[in-house]
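Following my numbering, the numbering of the sequence shown begins with 72 at its first residue and continues without gaps.
The structure under discussion appears below in the form of structure tokens.
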Amino acid sequence: MRNAAHLITGITGELADRDASPLRLVAAAHPAAALGGPRRTGRAGHRRARAAGPRALRGPGRLDGNGNGDLGSALRCAQIETAATRAGGGTRGGGRVRLLAGCGIVPDSEPDSEVAGTEAEPQPVREALEGR
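Set out below in structure tokens:
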């Protein structure tokens, strides 16, 4: 996709508790509001009112048997759903793509600006899917 960029911000650190497991770290950090967790700000009512549809899976990651892993937050992504995944069958075709984007509602947020940004974010992916 020539009109979309893939950006990652890596976060690394050293845990104060060396015995903490990755799952304990995840439990402490998540669910973040962007990943379906509790809405903690005064603007939450506006966000709930403007939200379209259910939340989605936005916390990809992997953990191995030794407790090592990579975890992330996919705030802008596309969820591909085929007729087979919707119905649990083996039919072909009839799929759909759901473009997902989020915004960071904090006390100083301007809700209308956040909504405008959230609506603009998936446009490069939409254009690529439409062949533009």
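All C-beta atoms, glycine included, are put in the ideal place defined by N, C-alpha and C.
Note that this is a predicted model, so its numbers are computed, not measured.
C174 and E198 have their C-alpha atoms roughly 21 Å apart. Judged by DSSP in its simplified three-state form, E185 adopts helix.
R147 and L171 do touch by the CB rule: their CB atoms are close to 7 Å apart, below 8 Å. Membership of L142 in the beta strand (DSSP E) is indicated by the continuous run 140-142. Annotated as proximal: A149 and V196, with beta-carbon spacing under 8 Å. Distance from the CA atom of I82 to the CA atom of D183, rounded to whole angstroms, is 30 Å. Judged by DSSP in its simplified three-state form, V168 adopts strand. Within the model, the alpha-carbon separation for V97 versus D179 is close to 27 Å. Spanning the alpha carbons of N137 and E181 requires a straight line of approximately 44 Å.
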